[in-house]
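Residue numbers (the numbering used here): 2 to 289.
Right under this line is the structure:
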């Protein structure tokens, strides 16, 4: 299977290198090319009088050359570790999130590290949140080096985005030769009429039946894949974060649409981007 190019934010940091390794492994599996991407912004120093021209003084030629050398080193390393993967280099002198979102229109996937020296791979900054929310393709944020024997985890809720997430997660689990944990979490409901108030902690058979039926259909579609289904009463963010401690990848769907995507990335996704113990994938259909 061949997909669109995989864009990896790269700045030579340890986390960026882990993101590159993840992206190159995915490219080797799918036949996709990998684009090593670096975006940086620079200040414009202006005098007090607004009528006087204000030339940019950064980046200078040495900075530009250093960035090119960093990316060239990544390409050289990729040629040794993944000789069959095609690689390219792209730099952008633009706001990092905007540049990545624009590039996502014709990309197959964006892969970012959890931390880094530049805004491109700064998980806790606005860039990763914006890219994860607004990109037009799946986004994977790599956290540490995953255990290749650990399962893939996917959170579902019966919505169309969670169907997309399941498909992405199933393909990843099959590719890595591991099983898939499917978690359906219902938020706890407090029974205010009881004295003292209690919290319902059990999933009723009526609540669970549509989930069980869907799991049966998935098992029929993917007979080669071991699928473990879990129905729990817990906040989805909490349930998936706990599951991430024994997973190599957690997958969730995206609910964002159109120009408001950056405002519509769900709280579950945002929580996982900050607290998951493994890589997180925000799955969506390319160009959705």
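All C-beta atoms, glycine included, are put in the ideal place defined by N, C-alpha and C.
For the pair residue 30 and residue 171, the CB atoms are not nearer than the 8 Å cut-off.
In chain order, 110, 169, 282, 283, 284, 285 place their CB closer than 7 Å to the CB of residue 139, counting only its own chain and leaving out the 5 sequence neighbours on each side. Assignment of alpha helix (DSSP H) within the segment 213 to 280, counting only whole runs of 4 or more residues, yields 237 to 245, 262 to 265, 268 to 276 in chain order. Excluding sequence positions up to five before and after residue 11, its CB lies within less than 7 Å of the CB of 17, 21, 37, 38, 39, 72, 75, all in the same chain and listed in chain order. Beta-bridge partners of residue 112 (DSSP): 9, 141. Secondary structure note for residue 88: its beta strand (DSSP E) is the uninterrupted segment 88 to 93.
For residue 185, DSSP records a beta bridge to 157, 232. When rounded, the separation of the alpha-carbon atoms in residue 164 and residue 220 is 14 Å.
Residue pairing from DSSP places residue 283 in a beta bridge opposite 140, 253. Comparing C-alpha distances from residue 180 to each of 141, 211, 248 shows the shortest one belongs to 248. Looking only at 92, 242, 148, the smallest Cα-Cα distance to residue 65 is reached by 92. A straight-line Cα-Cα distance of about 41 Å links residue 114 and residue 207. Looking at the backbone, the Cα of residue 13 and that of residue 236 are separated by about 36 Å.
Here residue 35 carries a strand assignment [DSSP, helix/strand/coil].
Note on residue 254: 16 or more other CB atoms within 10 angstroms of its CB, so buried under the neighbour-count rule. Cβ-Cβ distances below 7 Å link residue 25 to 35, 79, 82, 83, 86 in the same chain, with the five nearest sequence neighbours on each side left out; the list follows chain order.
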